[in-house]
Amino acid sequence: MVGPGEHDEPVAKSVPGSASVRLRAVLERPSRPARVLGVFPAAIYLADPDGTVLTLCTHDAVRLPNAVVLTARTAASPFPGPAGRIDARIGDGRVGLGALEVTAVRWWTPPRPPAPGDADARRAGRAALRGALAPVRTGLSGQARADLAELGRYAATDPERAGAAALRLIGLGPGLTPSGDDALCGFLLARRLLDPEPGGDRPPDTLGARIAAHAPGRTTDLSAALLGHAAGGDGCAQLVDLIGAVGRGTDVLPRLRHLLAVGHTSGADLAHGVLAGAEAADAGAVPTVAEAPYGPGDGTELPYPEGRSAREQRA
Amino acid sequence: MSSALELRRGTYRDSVSLMQVSRSVAAVDGVTKALVAMATELNVGLLAGMGFETPDGAGPNDLIVAIRADDEDTLRRAREVLEEALVLSTGGGTGIGSAAGVPPRTIRTAANATPGASLALVSVPGPHAFAEAMDALEAGLDVLIFSDNVPVEQEIRLKDAGRERGLLVMGPDCGTAMVGGVGLGFANSVRPGPIGLVAASGTGSQELMCLLHAAGSGVSHCLGVGGRDLSEAVGARSTLQALAMLDADPATELIVVVSKPPADSVAAEVERYAATLSTPVQLAFLGQGRDDLTAAATKALAAIGHPGVQDRVWRPDAARATRTGALRGLFCGGTLCDEAMIIAADRLGPIASNIPLRADWALPADLRAAGHLMIDFGDDGLTAGRPHPMIDPSLRLERLAEELADPACAVLLLDVVLGHGAHADPAADLAEVLRAAGPNAPTVLISLCGTDLDPQDLESQARTLTAAGAEVHLSNAEAARRAVAIVEGLDA
Amino acid sequence: MSAPNPNGGSLLTRDPSVVTVGAELLADALAAQAVPVTAVDWRPPLPGTADALATVLADARREAANRVAIERVLASTPHLVDVKPASEALGLRAGQFRHAGPPIDWARASGPMKGALIGAVLFEGLANSPEAAEKFLAEGHAELDSCHHHHAVGPMAGVVSPSMWMFELEDTTHGTRAWCSLNEGLGKVLRYGAYGPEVIDRLRWMSAVLGPLLRTAVRAGEAIDIRAIIAQMLQMGDEGHNRNRAGTLMLLRELLPNMIDSGAPTSDIAEAARFVGGNDHFFLNLDMPACKLAMDAGRDVPGSSLVVAMARNGTDFGIQVSGTGDRWYTGPAEVPDGLYLGAYGPDDANPDIGDSAITETAGIGGFAMAAAPAIVRFIGGEVDDALAATRRMYEITLAENPAYQIPVLDFRGTPTGIDVTKVARTGILPQINTGIAGKVAGTGQVGAGLVTPPADCFVAAIRALAEAAPPLG
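Right, here's the structure in full:
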């Protein structure tokens, strides 16, 4: 077997891609070299000279709001291997990656959840998520969860205190999207999308704008970009689906299960953020200490599909 | 006659391999009998039946080779084949995996092989479309049935089966849809926007989408339902489902239903249901005394606070002198043809057609008439057994050449539809026929349904047509009005 | 049955991934828009079936009926419970004979069928020469009927007479029974139409020694789980029709201790063990009735388009369908394409014969070809052909049998339960692995190979299903 890219002569290959509408300006500018931030089987992350981050991903990958999506599936290994330098370019409606050239032939719009239900439905949705999340392993430390709770509690009433808690979460944890950032993404998106006052597309709220502005330099480029998208109301479908379910008080468990499949602990961290954001979104729904999104804290429980630990299931 | 008998001891091969080797050897020209087999009791018996002696001490672990041939030379060739076949019988083939690329033969298999498959697009001949669509529904896919000539009772059954499963059946005879920015069937590329369409008319929805796009707005989704969905028999089954889907879609702020005027009871049901939705619904039922598509687009844009539609006109490089006489319309799009007939009949009286506004205006089977006439080349009756005129323009081009030479014809009105699925360069073929027309050819007006994002490119198509002497309009209704004005001698 | 797609109803919320069937142009237009497209390799249905297909596919009972029928098939648990003479098992009386395939009379019977009946008449002592036996049969003294009408199956000619011994299997889930004769081995044997003295002598020994010995052994132990043996043999290179080597040895492993314990003369036991162990097809006569039990469980579900029997009498190929009871849909049996023994060739071959296609009906045999790469060369093919053959059968079947798995296909279950509508739609005919009988009575086996049913069977079946379905609209 000859692995892809090992012995084969590179042959220029042009394929169609579907690009997020959020990338329209970035892609339509003239072509310029881009920096490769990371290469994975399902996705490649690129940054243009201005720092705008773009994801090139397979059709079955988690679709981030800054993604250009190929028709190929991950199993088809459409990307060059991680070994060696890859020449990347962005612009003129294309993304170039070594011999692979992707043309943006279509624009997709990051999903929005249906309008949230009434107060009872939202309360039921939060309760379902709180119960299901309790045993789920998260990458967030005890201190991080305390900061997340503080952020939720004071988001509406004390912007300074909330902002300080949020800044402590930025970049907290290992990996391409640190746990603290994931929680913030979930928080910002849920707070914005579950706002009982319908607003449609709006500029980022002050807290979101502040977090998005502080993130570059304090966390990975990709994570900072995703915080910016979250502040603008965009996230991956699994995240938006969970927020929609929490808002309507239905299907929370299956949606959570889908989100938990994202990343290593990313899904759980995002979900913790969603819970805090959902509570903050509802006026008068500021969580009591007893309800705050603290898990048992030892981080050893495995996520159980039905939201109960294996031990509880046996009991 | 030559023969050979050989015993190879301790050479075990499975019987199936050896039967194949025997067959190869027996196939040599001039070989009359061949047996290559393990010396089991059964095979030793067969050997005797062929007239050979049993070799001494032959046992089931020994290989017998017995060949009878016309001459020594044949025998030698047979032995060569034997050795080759014996070698081949120990290996060969490409092993596991290479059969995995076998294309699926049914939708169910294709859906199983495609995790995340969401939709089936069915365009097999009409008599076979039902089976495919049913398979798609049973596999859990929404379906778009592009095929026409599907019996109405099959349509009803499919739509009921879809509704039971929470799946949408678009069609039969659904030429156009757009879902999540993807054009299905014949579809123009338009920017995303706040207006969602439910369309019983393919070209009607294409015209509407292009006009909305040209005005600077855009479309969230366009759900086709098929030309018969709002008939009394089908009872708006898919329309009601599509309305509910668009109502639940956060990107859709206004829903427009595009259709010919439905039966009163169906219209009432659609109106009643639309009133229960949280998203406003505009019913654009096209017909005499009602809004045309351009007016419907303007109304929809006004409802979302957007400026209205302006027709765009591309003037011919060299305008022909106008004359009065007959108006002849040659269309690919049924709704565009219908719209033009309604506008024309209002001023000119009867328009003969294969899709007539009134039964007594029907064209005869040869599609000939002396006065005003309009032909829909995309109608079921003209597409059975041949591609749609948007793909294969030959039938319409033939007729165009005839009409261009007809001194009784004052104005020719044609539609040109761009977008995915349509001909890659429809203007080129038309222009060629137009250029070939004599100096006394009638005025040619074209309604060009397309956008700047379409693969064919609106501007270059318009330029090709104007260079060939045609006057091009973006609005089909405006093109029709201009045609009427010329026929009436009101326009110079 | 395919489970409903969990993504159903999310047309507007998910990026489209499209299955296309029909115009290539429309698939290309989607691919150009960066949409993943899976194109179906569509062909028109079997000629003359389009209208009937629509009616049957529109039958609201069909989907649930097929689910019920196939679930019953998959739930079947065949066990070997007894061995007894056909006079007891089927209640056969002197002069009564059962045969393979749909019903046939002497006049239309093929060479091997006639040869086997002659042999059976001789074996039963109803005539003392082949000529006399032929006269006896030609004059209509014998009462003939299909094995399938009596919960029985027989390979090749499938001729059963009162004195022949039969395996008795019980489906412990459904409480039903089915029977099949004991396998005589290969070459000159009754089921291939041979009736010489060695054939009759072997049958006598089987009734006098082998049958009673097997009965003692079976009765001495617990019922033998035939499904478990089939499941294992499929993982050992057998497909259960043309290759039964592993199954035979596993059966012998089950029976041998009790045979030895039986107190029968050791020479009889040794001869029986030698006979069974030396006959690679001995187990065929156990997997056939096991398949018969499974398919009988799926019978008589109104609206179901499941094929419950495929059988051949050497002249006609016949199928039966769950939704239309015991009615046969027949067409002329075809000559298999295969490899020939010794100097025999296609000119010596009789058209397809035997009830053994019950194995394919139940999803093994030719349908499990991928499990038996050793025998793909029957078609002059390669291992890929075996894999492709099994994959193709998934296109025309209702389910995958979780009990019968194919290692080389990642332990995918065998394609099980032929759906008449799928055969008519795709034109893909069931693949049957089979032995080939000589066409002249008395010849015996001349080869082995592959065959398909005539398409006419399925055309007739889909039309009958359409007549039985409620009209559309």
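Chains as they are written, first to last, in the numbering used here: chain A, 36 to 350; chain B, 174 to 665; chain C, 1272 to 1744. The C-beta atom is built at its ideal place from N, Cα and C for all residues, glycine as well.
Query, Result
"Per-residue burial, Gln639/B [other beta carbons within 10 Å of its own, 16 or more giving buried]", "Here residue 639/B is Thr; the residue named in the question, Gln, does not match the sequence. Label assigned to Thr639/B: buried."
"Complete runs of the alpha helix (DSSP H) confined to the stretch 431-498 of chain B [at least 4 residues]", "437-448, 466-476"
"6 Å Cβ shell around Val342/B - same chain, five flanking residues per side excluded", "Val316, Leu331, Lys332, Gly335, Ser411"
"CB contact below 8 Å: Arg245/A versus chain C", "no"
"Pro276/B, DSSP secondary structure in three states", "coil"
"Nearest-angstrom Cα separation, counted from Ala578/B out to Ala1305/C", "44 Å"
"Residues that Ala424/B contacts on chain A, provided the C-beta gap is smaller than 8 Å", "Thr144, Arg147"
"Below-8 Å beta-carbon distance, Asp315/B vs any chain C residue", "yes"
"Cross-chain neighbours of Thr106/A in chain C, by beta carbon under 8 Å", "Ala1302, Ala1305, Val1306, Pro1307, Val1308"
"CB contact check: Asp1496/C to chain A, cutoff 8 Å", "no"
"Any C-beta of chain B under 8 Å from that of Asp95/A", "yes"
"Listed by chain order, chain C residues near Ser301/A by CB distance under 7 Å", "Per Cβ cutoff of 7 Å: no residues; Ser301/A is ~21 Å from chain C at best."
"Environment of Ala272/B [buried if 16+ CB atoms lie within 10 Å]", "For Ala272/B, the pLDDT reaches just 40, beneath the cut-off of 50, and the residue's location in the model is therefore unreliable, although a value from the coordinates is still provided. That one is buried."
"Residue from Leu1658/C, Ala1582/C, Glu1469/C whose Cα sits closest to the Cα of Lys1459/C", "Glu1469/C"
"Range covered by the beta strand (DSSP E) that runs through Cys505/B", "Premise fails: Cys505/B is in no beta strand (DSSP E) and is neither H nor E."
"Within-8 Å CB hit, Arg226/A to chain B", "no"
"N- and C-terminal bounds of the alpha helix (DSSP H) containing Arg1332/C", "Arg1332/C -> no alpha helix (DSSP H), and no H or E assigned at all."
"Beta-carbon proximity of Cys1418/C to Arg1369/C, cut-off 8 Å", "yes"
"Where Gln629/B falls: helix, strand or coil (DSSP)", "coil"
"Nonlocal neighbours in the same chain, by C-beta distance under 6 Å from Asp244/B, ignoring five residues either side", "Ser175"
"Per DSSP, the bridge partner or partners of Cys582/B", "Ala499/B"
"Thr1291/C at chain B interface by Cβ criterion, 8 Å", "yes"
"Phe1407/C burial status per 10 Å Cβ neighbour count (16 or more: buried)", "buried"
"Span of the alpha helix (DSSP H), counted from its first residue to its last, around Gln273/A", "272-283"
"Exposure label - Arg1696/C; buried when at least 16 CB within 10 Å", "buried"
"Runs of alpha helix (DSSP H) wholly within the stretch 1456-1539 of chain C (minimum 4 residues, chain order)", "1468-1476, 1482-1491, 1497-1504, 1516-1532"
"Own chain, CB closer than 6 Å to Ala107/A, minus 5 neighbours either side, in chain order", "Thr93, Pro113"
"Chain A contact residues for Ala614/B, given Cβ-Cβ distances below 7 Å", "Here the premise fails: no neighbours, minimum Cβ distance about 39 Å."
"Length of the line joining the Cα atoms of Ala1659/C and Met1504/C", "20 Å"
"Residues sharing a beta bridge with Cys92/A, DSSP", "Ala78/A, Val104/A"
"Member of Cys271/A, Gly308/A, Ala306/A whose CA lies at the smallest distance from the CA of Ser55/A", "Cys271/A"
"Listed by chain order, chain B residues near Arg141/A by CB distance under 7 Å", "Gly354, Val355"
"C-beta neighbour in chain B for Ile1699/C, strict 8 Å", "yes"
"Contact residues within the stretch 277-305 of chain B, judged by C-beta distance below 8 Å to chain A", "Pro288, Gly289"
"Any C-beta of chain C under 8 Å from that of Gly126/A", "no"
"One or two residues paired with Trp1450/C in a DSSP bridge", "Ala1423/C, Glu1439/C"
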